[in-house]
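First residue of the sequence shown: -12, per our numbering; consecutive thereafter. Just so it is clear, CB atoms sit at the ideal spot from N, CA and C, and this is done for glycine as well. Keep in mind the model is a prediction, meaning the values are calculated, not measured.
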Amino acid sequence: MNRADVIVVGAGPAGSTAALRFARAGFDVLLLDRHAFPRPKPCGDCMSPQATRVLDELGVLDAVLAQQPAQLEGWRIVAPGAACFDGRFDRIAGVDRLVARALALSRDRLDAVLLDAARSAGARIITGVRIHDLIDGGVAGATRSGEPFRARAHLVVGADGLRSVVARRIAAPARRARLRKVSLTAHMHAARSDPVYGEMHLAHGVCVGIAPVTAGEDVVCNVTVVADADRHGRDVARDPHGFFRATLARFPSLMNRLTGAFAGHRQDSRGRTAGLLVSGPFDVPVRRVVADGLALAGDAAGYYDPFTGQGIHQALADAALLAEEAVPALHRGSGPLPALRRYARRRRRLVRGTRLVQRMIEAVMSRAALADFAIDRLARRPATGAALLAVTGDLAPASSLFTPAVLRGFAGKAPEGSGP
């Protein structure tokens, strides 16, 4: 039987950061993951600008920068009808130099940095452990060799992603996903662009995101295709590589910048690659994020993200909130449930506005006529665009969008045919 003060299940950004914070507070931390690291992860690889500040506060920013991430100056959104909005972070009112750019780094390298930081802080890391159940005060599972595994602790943190075993075991999953999308992600070589933007290109039923994830001359980009699962799910399941290529071909201006070569993976004679990663859905609601001696963080605590790219910051923020509430209770030796309930309330307040804005963005961008209208409006009214960019970049609260000045910027006659 393994024993610790804190067990963290899942070594992604939320889990590694939670392990780092608890270990630095003097606790014996056991960090478990079924995968060996580094490992590929289906993700857009972009961090919101505010994530840079959190990494700096954690003391790991220099290690992240040593990986030579791309530094995005802003986002470019291209509507189905070709209207284009360019938003720059340095034009957001009050932004400081640290968050004037956003970092983009492949998840295998980002996760390795955070995992190394947790290890250096004293966390014990065991990979190759598949957790399949909770026991009183701990977890049970099996190693890759098939040997049984058990561990107990005062606190178990479930940071094991969209398909969280911990969340299922505490009956956390709520309704079925309403936002039914599937994503296909690959790293591809591309021509340099100036300025350095992350980009979203919209078309009926699909969206393509592209962002560099390396600095220097040899540009490697994360290319992610997001599609309506009800409309395209069968095509993706039948031939994901074919669907990926066919979707990119719908955007000639984008294809002209890609070399067609996948980065870091071998291809067969048909151009297929093991580096194409499929993920979904993008809507995983949960009923609760805490139970007695248990807390969820990151994607395990609920996920809704059409394409705003705030997931990594949310994971880092969850770990910070959880540590702030749980560390004093664990030091006192008192039961952690009241502290965990405070964490749940604070997290709920934190994500409430963000979820509302994400749903509003999805409602607009999934309708071609509305997307054309909205993106043209943002392009014509830079102050309104900057306000939206600040919220989706985690630099301002969602409430800042509902001021008279910003609402006037969005106001206008709705286009015909913009209904569902």
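For residue i, which of helix, strand or coil comes out of DSSP?
i, result
"D359", "helix"
"M242", "helix"
"I299", "helix"
"F136", "strand"
"R257", "Legend: pLDDT at R257 = 42, less than 50; position of this residue unreliable, value from coordinates given subsequently. Correct three-state label for R257: coil."
"A53", "coil"
"I79", "coil"
"L48", "helix"
"L17", "strand"
"G396", "helix"
"L42", "helix"
"S386", "helix"
"S321", "coil"
"R(-10)", "strand"
"G203", "coil"
"R111", "strand"
"D73", "strand"
"G192", "coil"
"I348", "helix"
"A1", "helix"
"A23", "coil"
Using the Cα positions of residue i and residue j, report the straight-line distance between them to the nearest angstrom.
i, j, result
"H141", "I118", "17 angstroms"
"L388", "L308", "24 angstroms"
"F72", "G148", "32 angstroms"
"D359", "A198", "22 angstroms"
"H219", "H188", "17 angstroms"
"F76", "A(-9)", "43 angstroms"
"A178", "L245", "6 angstroms"
"A12", "C194", "43 angstroms"
"V393", "I362", "15 angstroms"
"D417", "R84", "Outside the modelled stretch of the chain, which goes from -12 to 407, sits residue 417, for which no answer is possible."
"S405", "D43", "Residue confidence for S405 is low, a pLDDT of 44 falling below 50, so the modelled location carries little weight; the figure read from the coordinates is stated next. Answer to the nearest angstrom: the Cα atoms are 43 angstroms apart."
"I79", "A53", "27 angstroms"
"S353", "G192", "7 angstroms"
"E311", "L303", "13 angstroms"
"V152", "V271", "13 angstroms"
"G396", "R368", "7 angstroms"
"R342", "R167", "16 angstroms"
"N209", "A202", "13 angstroms"
"G74", "L375", "9 angstroms"
"T172", "L59", "19 angstroms"
"R63", "R106", "38 angstroms"
"T234", "F269", "19 angstroms"
"R334", "N243", "43 angstroms"
"N(-11)", "P56", "37 angstroms"
"P315", "S240", "54 angstroms"
"H176", "P27", "17 angstroms"
"T379", "E349", "13 angstroms"
"T390", "Q345", "18 angstroms"
"R259", "G320", "Because R259 sits at a pLDDT of 40, beneath the cut-off of 50, its placement in the model cannot be relied upon, and the point is left open."
"V100", "I113", "16 angstroms"
"I299", "A23", "20 angstroms"
"R364", "R156", "46 angstroms"
Does the beta-carbon distance from residue i to residue j come in below 8 angstroms?
i, j, result
"G81", "G285", "no"
"R21", "G115", "yes"
"Q(-7)", "V144", "This sequence places Val at residue -7; Gln is not what is there. In contact: V(-7) and V144 (Cβ atoms closer than 8 angstroms)."
"V(-5)", "L18", "yes"
"G267", "V206", "no"
"A373", "A70", "no"
"V200", "A91", "yes"
"G340", "A370", "no"
"G2", "A216", "no"
"A161", "V86", "no"
"A409", "D305", "An answer regarding residue 409 cannot be provided, because it is not within the stretch -12 to 407 covered by the chain."
"A89", "P29", "no"
"P25", "R96", "yes"
"A104", "V47", "yes"
Can you pull the DSSP bridge partners for residue i?
i, result
"A278", "L281"
"E186", "R63, I197"
"V116", "T130"
"V271", "Y290"
"K168", "D215"
"Q58", "L90"
"G145", "V(-4), L283"
"G220", "None; G220 has no bridge partner."
"L264", "T172"
"I122", "G125"
"C30", "DSSP output for C30 lists no bridge partner at all."
Got a sec: does the ligand SAH put a non-hydrogen atom nearer than 7 angstroms to the Cβ of residue i?
i, result
"R237", "As for the ligand SAH, it is missing from this structure, which has no ligand bound."
Can you round the beta-carbon distance between residue i and residue j to whole angstroms, since I take them to be within the 8 angstroms contact cut?
i, j, result
"V277", "R328", "6 angstroms"
"I122", "R137", "7 angstroms"
"F14", "L283", "Not really, about 19 angstroms apart at Cβ, beyond 8 angstroms."
"A236", "V223", "That belief does not hold up - the Cβ atoms of A236 and V223 are roughly 16 angstroms apart, past 8 angstroms."
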